[in-house]
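Following: one structure in C-alpha cells, then a few remarks.
Protein chains in written order, with the numbering used here: chain A, 3 to 122; chain B, 721 to 903.
Now the structure itself:
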C-alpha cells in the first residue's frame with residue numbers, strides 16, 4: 003500500500019512536467035524503493051549512484067561549511083540529474099531534459115520529496 | 721534450526737585447524753620461541769633491503785622488532801580464543817591507521833611460511849613430533865592470522881570510507897556488488 007502511494011508520487015512527478023524524463027525514490031543504502039525510469043536505465047546502478055552522490059553531497063556541504071545540503075545537481079551536456087533528500091532515509095532522483103525549466107522542476111521535485119518523506 | 725557458522729568457524733573447518741594443532745603449537749613453542757628473534761632479524765633485514773618497505777620501518781626498527789617478536793611469541797602461547805582473535809584484528813586496524821598496505825602483511829606471512837619449515841623440522845625432531853603435522857599446524861595458524869588481519873584491514877578501510885563520504889557500509893557494499901558495465 004505504502005509502496006503504491008510512493009510510486010504514485012513518482013509517477014505524478016514525471017507527469018507534472020514534460021521536462022522530467024524519469025525519477026526514482028531510493029533508500030540511503032542505494033536500493034530502489036519506487037521508480038519510473040526508462041528501460042535503458044539500470045535501476046540498481048541508478049539507485050546506488052544516486053545514494054552515493056547525495057551522501058557525498060551531504061559530507062561536502064558540511065565540510066565546506068555550506069550548511070544542510072538542499073540538493074545535488076549534476077549537469078551534463080544532455081541534461082540534468084537532481085538529487086534531493088526525501089526524509090532521512092531516502093533520496094529522490096530526478097532526471098531532467100537539457101532544455102528543462104529548472105525552477106519549476108525544483109518546485110515539483112521538492113513537493114514530491116516532502117510527500118515521500120511523509121509516507122516513509 | 722542450527723545457527724549459520726561464523727566465517728572463522730568455516731575457515732577453521734575447511735583448513736582443519738584443531739585443538740590438536742593448538743597442542744602441537746604449544747609444544748613447538750618451547751623450541752621455537754628462542755629462535756624467533758633471529759627470524760625477526762632476518763625479516764627486518766629483508767624489509768630494510770627493499771625500497772618499498774624500507775621507508776615504513778627505518779628509524780623505528782628496534783621497536784618494530786620487539787612488537788614483531790611479541791606477536792610471534794603469542795602464536796605459540798597456545799591460546800587461540802576470542803582474545804587472540806581480537807588481537808589479530810587489532811593488528812589489521814593499526815596497519816591501516818599507520819598506512820601500511822595489505823601487501824606488506826601478505827609479504828610478511830609469506831616470509832614466515834618460507835622460513836618456519838626449516839625451524840619446525842629441527843624443533844619437531846627435538847620434541848619427537850611428526851614434522852609434517854607440526855608444519856601443518858603452524859601454516860594453518862598463519863592462515864588464520866592472515867585472514868583475521870586482512871578482514872580487519874578491509875573493515876577498517878570501509879569504516880574510513882564511510883566516515884569520509886557519509887555513505888553507509890550497506891551502500892558501499894551495494895556499489896561494490898553492482899554488475900560490471902557492458903562495453
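Backbone N, C-alpha and C define an ideal beta-carbon position, used for all residues, glycine too.
Remember, predicted model here, so these are calculated numbers, not experimental data.
For residue 777 (chain B), the closest C-alpha among the options B:874, B:792, B:761 is that of B:761.
Excluding its 5 nearest sequence neighbours in each direction, residue 784 (chain B) has C-beta neighbours in its own chain below 8 Å: 764, 777, listed in chain order. Residue contact check for residue 31 (chain A) against chain B: a CB pair falls below 7 Å. If you ignore the 5 residues before and after residue 736 (chain B), its C-beta comes within less than 8 Å of the C-beta of 856, 860, all in its own chain and listed in chain order. Interface with chain B (7 Å Cβ-Cβ cutoff): residue 14 (chain A) is excluded. Neighbourhood of residue 68 (chain A) in chain B, by CB distance below 7 Å: empty, with the nearest CB roughly 14 Å away. Contact between the stretch 739-750 of chain B and the stretch 819-831 of chain B is not established, with fewer than three Cβ pairs separated by less than 8 Å. Here the alpha carbon of residue 814 (chain B) sits roughly 44 Å from the alpha carbon of residue 116 (chain A). Excluding five sequence positions before and after residue 791 (chain B), none of the CB atoms of its chain fall closer than 6 Å to its own CB.
Taking a beta-carbon distance threshold of 7 Å, residue 58 (chain A) counts as an interface residue toward chain B. Just measuring C-alpha positions, the residue of B:862, B:844, B:878 sitting nearest residue 751 (chain B) is B:844. In terms of beta-carbon proximity, residue 895 (chain B) lines the interface with chain A, with at least one pair separated by less than 7 Å. Against residue 53 (chain A), the close residues of chain B are 887, 888, 891, 894, 895, in the order they occur along the chain (beta-carbon pairs closer than 9 Å).
The stretch 82-95 of chain A makes contact with the stretch 65-74 of chain A: 3 or more CB pairs, one atom from each, lie closer than 8 Å. In this structure, residue 119 (chain A) sits away from residue 11 (chain A), with a CB-CB distance that is not shorter than 7 Å.
When C-beta atoms of the stretch 864-884 of chain B are compared with those of the stretch 6-20 of chain A, fewer than three pairs fall below 8 Å, so the two segments do not count as touching. Under the three-state reduction of DSSP output, residue 800 (chain B) falls in the coil class, being neither helix nor strand.
Beta-bridge partners assigned by DSSP to residue 92 (chain A): A:29. Going by beta carbons, residue 869 (chain B) and residue 878 (chain B) fall outside the 7 Å limit.
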